[in-house]
Amino acid sequence: MEHLDPKPTGGKIFTPPILGMLLVFAVCAYFLILRYANGIGTVTNLTDHMSWGIWKVIGVIVGAALVCGGYACAFTVYVFNGWKYHRFVRPAILLSLLGYSFAGLSLAYDVGRYWGLFNFFIPKYWQGNSVLFEVAICVMSYILILSIEVGPSILEKFFSPEKADNLAAKLHAFLNKVLFLTLGFGVVLPTMHQSGLGGLALVMGEKISPLWQTPFVSLLHLISCIAMGYGCVIATEVLFANNYKDKDQMNLLGQFANLMKIFVVVFLALRWIEIIRAGGVGLAFDFGSGYLDAYSFWIEMLLFLVGLYFVWSKSAQSSAKNIFFGGWLIMLGGSLYRINVYIIGFHPEAGVSYFPSLPELIISIGMVCLQIAIFITIVKLFPIITKK
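Start counting the sequence shown at 5; every next residue gets the next number (our numbering).
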C-alpha cells in the first residue's frame, strides 16, 4: 500500500459556508450573553423536574459520542495493530478534541450556578462515589490526552527536517516519545467515561421507560459510541479526503463500515434482549400513551436499520455514497438513542414534559457551527488529512 503523508488541504478560509456558520454562532453568542446577564431561566424551558435539557444531553452525552472517531481509531490501530488505518487517526483525534472541549464548555452555560464549577478543582469538595465525578475526571483527562496527540500535527507546520534544532522540532520529538503513554490513556479513559455516561441512567431508575432502562445501559452506551465513532471517521473522510477513486482508501473505509455494522448488530441484539426481558415490548406499540416513547423508539430503530442496509453487503461497503449515508444514519440513531434515554423516555412525574426553547436550540446549533468551522480551518492550515 502506498505511503501517504497528511497535508493541509489549503484553500480560502472565509468561504460562504464558514461565514454562514459564524453568523449562526453570532446569534448564539447573543443568547449566551442574555443567559449570563439574566439567568438560565430566561433562555431555557428547564424546570426542577426536567433539569437536564439539550445542552447537557446533546452538548455532552450526544456530542461526546458523535466524536468518538478518535477512540474507535485508537482502539483499531493501536490495540488491534491495524496500522493500515493510521491515515484516519489525525482527523479523528482532532474531531474528538474539539467535540470533548465543546462538551466541557457547554457545562459552563448549562449549570445554573456556574461559579460552583470551580469547586471541582478543590479536593475537599470531591465526591468519589459520584458517577458524574468519574465522568468529569475522565473527560478532563481525555481532553489533555487528545491535546498531546494532536500536538505533533500542529507542530509539523512550524518546523522542517533541515531545522531540527528549533523549539517546535524538539517539542515534536518529545511528544512522539511519550505517545505510547497517551495512546494507552486514550483508550482507557473514553471506555470509562462513555460507560459512565450510560451509568447515569441507572441512578434514575424507574423514571426512565423500560424501552431504554436496563442494567446494561452502560454497555449499550459504550457499544453504540464505538459504532458512531466509525461512522464519524467514514463521514469525515468521504467529505474531506475525496479519494473516491483510490481503491486502498475505499477498501479501508469499507472495512470500517463493516466494523460499524458488527457493533450496531450487537447493540440492537442486546437492546431487544433487554426490552423483552423487562417486558417492554408492549410499550413499543403503545402509541396512545400520551408520551412520544413509542414513536421515538421506532424512529431510532429505523435509523439504525436503514443505516445497516446501506453498509450490509461487501458491494455496498465499496460505495462512497452508501458508507457515507450509512455512517450518518447510524450516528443519528445513536444520538436519538441517547436523547430517548435522558429526555423523551425520562418521566420524573406524570404530565411533566420538556421541549427546548428557541434560544436553547440556537445556542446548541451555534456551538456545533463554531466547532465545524474551527475543524475546517485547522485542516486547511495544518497537516491533518491524508489524500492524494
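The beta-carbon is built from N, C-alpha and C at its ideal position, and this holds for glycine as well.
- Message: I need the straight-line Cα distance from Ile376 to Leu36, nearest angstrom please.
- Response: 19 angstroms
- Message: According to DSSP, Phe244 sits in a beta bridge with which residue or residues?
- Response: According to DSSP, Phe244 bridges with nothing at all.
- Can Lys161 and Pro360 be called in contact, C-beta distance under 8 angstroms? no
- Report buried or exposed for Leu23, applying the criterion of at least 16 other Cβ atoms within 10 angstroms of its Cβ. exposed
- Span of the alpha helix (DSSP H), counted from its first residue to its last, around Tyr113: 93–114
- Message: Mapping the DSSP letters down to three states, classify Ile376 as helix, strand or coil.
- Response: helix
- Nearest neighbour of Leu27, chosen from Met335, Gly370, Val81 [CA to CA]: Gly370
- Query: For Asn255 and chain B, any beta-carbon pair shorter than 8 angstroms?
  - Reply: Included in the structure is just one protein chain, with no chain B present.
- Task: Jot down the residue ranges of each uninterrupted alpha helix (DSSP H) in the segment 280–354, minimum 4 residues, whole runs only, in chain order.
- Result: 297–315, 318–321, 324–343
- Message: To the nearest angstrom, how far is the alpha carbon of Asp9 from that of Gly155?
- Response: 16 angstroms
- Is Trp119 buried or exposed, if buried means 16 or more other CB atoms sit within 10 Å of its CB? exposed
- Between the CA atoms of Leu99 and Glu304 - distance to the nearest angstrom: 24 angstroms
- Task: With a floor of 3 residues, list each beta strand (DSSP E) that falls wholly inside the segment 16–103, ordered by position along the chain.
- Result: none
- Query: Which stretch, first to last residue, makes up the alpha helix (DSSP H) that contains Tyr146?
  - Reply: 135–159
- Out of curiosity, what's the CA-to-CA distance linking Phe350 and Thr381? 38 angstroms
- Close beta carbons around Gly116, own chain, < 7 angstroms, minus the five adjacent residues each side: Ile44
- Message: In whole angstroms, give me the CA-to-CA distance for Val285 and Asp297.
- Response: 12 angstroms
- Message: Does Phe386 come out as helix, strand or coil in the three-state DSSP assignment?
- Response: coil
- Could you have a look at Lys391 and say whether DSSP puts it in helix, strand or coil? coil
- Task: Check each candidate in Tyr113, Lys265, Cys32 and name the one with the smallest Cα separation from Leu312.
- Result: Lys265
- Query: Count the other CB atoms within 10 Å of the CB of Phe329; is the residue buried (16 or more) or exposed (fewer)?
  - Reply: buried
- According to the Cβ coordinates, are Phe267 and Ile227 closer than 8 angstroms? yes
- Query: CA-CA distance, Pro21 and Ile279?
  - Reply: 43 angstroms
- Buried or exposed: Glu6, going by 16 or more other Cβ atoms within 10 Å of its Cβ? Only weak support is given to the placement of Glu6: the predicted model assigns it a pLDDT of 47, under 50, and the value that follows is read from those uncertain coordinates. Exposed.
- Exposed or buried, which one is Ser300 when buried takes at least 16 other CB atoms within 10 Å? buried
- Message: Our contact map puts Cys394 next to Gln198 with C-beta atoms below 8 angstroms; I'd like the distance itself, whole angstroms only.
- Response: The displayed coordinates of the chain run from 5 to 392. Any statement about residue 394 would go beyond what the structure contains.
- Through-space distance from Ile348 to Ser110, alpha-carbon basis: 21 angstroms
- For the alpha helix (DSSP H) that contains Leu206, what are its first and last residues? 183–207
- Task: Round the Cβ separation of Ala107 and Gly63 to the nearest angstrom and send it over; I've been treating them as touching at under 8 angstroms.
- Result: 6 angstroms
- Between Leu385 and Gly15, what straight-line distance do the alpha-carbon atoms span, to the nearest angstrom? 9 angstroms
- Query: Would a C-beta distance cut-off of 8 angstroms place Gly103 and Ala68 closer than the cut-off?
  - Reply: yes
- Item | As assigned by DSSP and simplified to three states, the class of Ile126 | coil
- Message: So, at 8 angstroms on beta carbons, what are the nonlocal neighbours of Lys214 in its own chain, with the 5 sequence-adjacent residues on each side left out?
- Response: The displayed chain sequence assigns Pro, not Lys, to residue 214. Excluding residues within five positions, the ones whose Cβ falls inside 8 angstroms are Ile279, Ala282, Gly283, Gly284, Leu287.
- Query: Thinking C-alpha only, which one of Leu148, Leu150, Ile149, Asn123 is nearest Phe137?
  - Reply: Asn123
- Message: I want to know whether the segment 183–200 touches the segment 138–148 - three or more CB-CB distances under 8 angstroms.
- Response: yes
- Task: With a cut-off of 8 angstroms on the beta carbons, I'd call Leu256 and Tyr89 a contact; round off their distance for me.
- Result: 6 angstroms
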